[in-house]
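One structure below.
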Amino acid sequence: MELSATTRARFDREVAKYPADQKVSAVMACLAIVQQEQGHVTQAAEAAIAAYLDMPAIAVHEVTTFYNMYNQQPVGRFKLNVCTNLPCALRDGDAALDHVCKRLGVEPYGTTKDGVFTVQPSECLGACADAPVMLVNDRQMLSFMNAQRLDELLDTLRAAAQGSALGVAQ
8 MELSATTRAR FDREVAKYPA DQKVSAVMAC LAIVQQEQGH VTQAAEAAIA
58 AYLDMPAIAV HEVTTFYNMY NQQPVGRFKL NVCTNLPCAL RDGDAALDHV
108 CKRLGVEPYG TTKDGVFTVQ PSECLGACAD APVMLVNDRQ MLSFMNAQRL
158 DELLDTLRAA AQGSALGVAQ
């Protein structure tokens with residue numbers, strides 16, 4: 008994969024934040040840039056990042072696969088990570104995941120046929136007191152996600168997706 012000039016410039020800005028001999032520290036930022044631009048991180052993108060940062064491709068792959076915020080395959084417009092770690096599980100995190108999957112007609116890690124939603128179980132999101140919690144598109148944390156709140160969220164996101172498909176400003 009060839010990095011575009013725009014992508015290289017963005018990588019350059021991230022690498023500049025670190026001492027010259029520690030540019031590999033920018034690996035997570037570079038992965039986030041690629042994902043933002045392409046929607047997911049391919050092995051070719053990992054190899055390009057590795058070459059840019061002068062590090063082994065396997066080291067980049069290890070970072071990609073360790074963190075669930077990096078998508079290794081295409082995901083829906085809305086990626087829903089539902090925490091199923093022990094504190095959330097004790098407060099119905101597994102039930103929340105099951106509810107979302109049944110409502111959308113997908114298995115965990117599945118994407119709806121229309122490409123709007125991808126549902127994933129998640130490890131701890133760091134808000135145990137607010138369990139069950141979920142993360143939307145790796146950015147928005149939502150707490151106390153009971154069935155009613157989950158249904159409201161899914162309806163809101165579905166309406167947003169349909170609005171943008173119709174060209175309605177958001």
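Just so you know, we're using the numbering used here here: the sequence shown kicks off at 8 and counts up by one. Backbone N, C-alpha and C define an ideal beta-carbon position, used for all residues, glycine too.
If you draw a straight line from the alpha carbon of residue i to that of residue j, how long is it in whole angstroms?
i	j	result
Ala27	Pro115	42 Å
Ala39	Asp99	31 Å
Thr13	Val41	11 Å
Gln177	Ile65	Confidence is the limiting factor: at Gln177 the pLDDT is only 45, short of 50, which leaves the residue's position unreliable, though a coordinate-based value still follows. If you take the alpha carbons of Gln177 and Ile65, they lie about 40 Å apart.
Phe151	Pro139	5 Å
Leu161	Gln29	42 Å
Val22	Asp61	12 Å
Phe18	Met8	15 Å
Ser11	Asp121	30 Å
Cys135	Leu157	18 Å
Ala1	Glu69	This structure leaves residue 1 out entirely; the chain is present only between 8 and 177.
Met148	Asp105	19 Å
Arg20	Val143	27 Å
Taking the alpha helix (DSSP H) that residue i belongs to, which residues open and close that run?
i	result
Gln42	Val34 to Gln45
Pro128	That residue, Pro128, is in no alpha helix (DSSP H); its beta strand (DSSP E) goes Phe124 to Ser129.
Val22	Ala12 to Val22
Spatial neighbours of residue i within its chain, please: C-beta separation below 8 Å, excluding the five flanking residues on both sides.
i	result
Val123	Gly83, Arg84, Phe85, Leu164, Arg165 and Ala168
Asn75	Asn88, Gln127, Ser129 and Glu130
Val34	Ile56, Leu60, Met62, Ala66, Val67 and Val70
At a cut-off of 7 Å, would you count residue i as near the ligand FMN, judging by its Cβ distance to the nearest heavy atom?
i	result
Asp105	Ligands displayed in this structure: none; no statement on the ligand FMN is therefore possible.
Kindly list the residues whose CB is nearer than 7 Å to the CB of residue i, restricted to its own chain and excluding five residues on each side of it in sequence; keep chain order.
i	result
Thr71	Leu38, Val48, Glu53, Tyr77 and Gln79
Ser32	Tyr25
Pro63	Ala57
Pro81	Gly46 and His47
Going along the chain, which residues of its own chain have a beta-carbon closer than 6 Å to the beta-carbon of residue i, five neighbours each way excluded?
i	result
Thr118	Gly83 and Thr125
Note the first and the last residue of the continuous beta strand (DSSP E) segment covering residue i.
i	result
Gln147	Gln147 to Leu149
Lys86	Phe85 to Cys90
Leu142	Met141 to Val143
> Would you call the segment 103 to 113 and the segment 51 to 58 in contact, with 3 or more CB pairs under 8 Å?
Replying inline: Fewer than three Cβ pairs drawn from the segment 103 to 113 and the segment 51 to 58 lie within less than 8 Å of each other, which leaves the two stretches out of contact.
> Can you list the beta strand (DSSP E) stretches of 3 or more residues lying completely in the segment 53 to 104, in chain order?
Replying inline: You should have 85 to 90.
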